[in-house]
Amino acid sequence: MDSTGTNTAHEPGATPLLPVTVPAAAPDLVTVPTRQGLEAVDIIRRGAGRTAPGTGPCAPGVGPVLHDGSGDTLGFLVPPGTADAWDLPGSACTQTNGRGMRFGDAVSPTSGGTGWLLPPDAVGPVTDPEVLRAALGEAARLIEAADNCR
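Going letter by letter, the sequence shown gives residues -8 to 141 in my numbering.
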């Protein structure tokens, strides 16, 4: 999630041009109840990489997912700016501004027992918000149908 730039110092005796790490914009975080989030992960994984005839993959895979220490919520990392337009009932989307995020190492976030369900290094980029929105809607319908069968 970093991009690489170049040190362009031209002073006599200056250090030669070296790569400089520039942090990318921090992802936003969509939080949902755990049951709905786990269903959504399954839905996205089932749809990832499927191809429609002549069109290529129809849906990207799920990105990094956090769980809270109490097991009440899951958090999906989504592209920065998603929080500005997120309006799905039963969920929340917040700007992280990089707070509490640690990428590039195996360390899980430590706030209140929070950890990675799907760590960034295992799944790759953030989850597409439209794919997540559709999966969360489908998950809510599946859960409602299952609960009504009891």
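For glycine and all other residues, C-beta sits at the position ideal for the given N, C-alpha and C.
DSSP, read as helix, strand or coil, puts residue 114 in helix.
Here DSSP, grouped into helix, strand and coil, assigns residue 29 to helix. Annotation: residue 78 to residue 51 spans about 21 Å, alpha carbon to alpha carbon. In the structure shown, the three-state DSSP call for residue 55 is coil. Per DSSP, residue 24 is one residue of the beta strand (DSSP E) stretching across 19 to 24. For residue 26, the CB contacts under 7 Å within the same chain, skipping 5 residues up- and downstream, are 134 in chain order. Residue 128: member of the alpha helix (DSSP H) spanning 120 to 139, first to last residue. Its chain contains 22, 23, 24, 25, 28, 58 as the residues whose beta carbon lies nearer than 8 Å to that of residue 64, once the 5 sequence neighbours on both sides are disregarded; these appear in chain order.
Residue 108 is not bridged by DSSP to any residue. About 4 Å separates the beta carbons of residue 108 and residue 56, which is inside the 8 Å limit, making them a contact pair.
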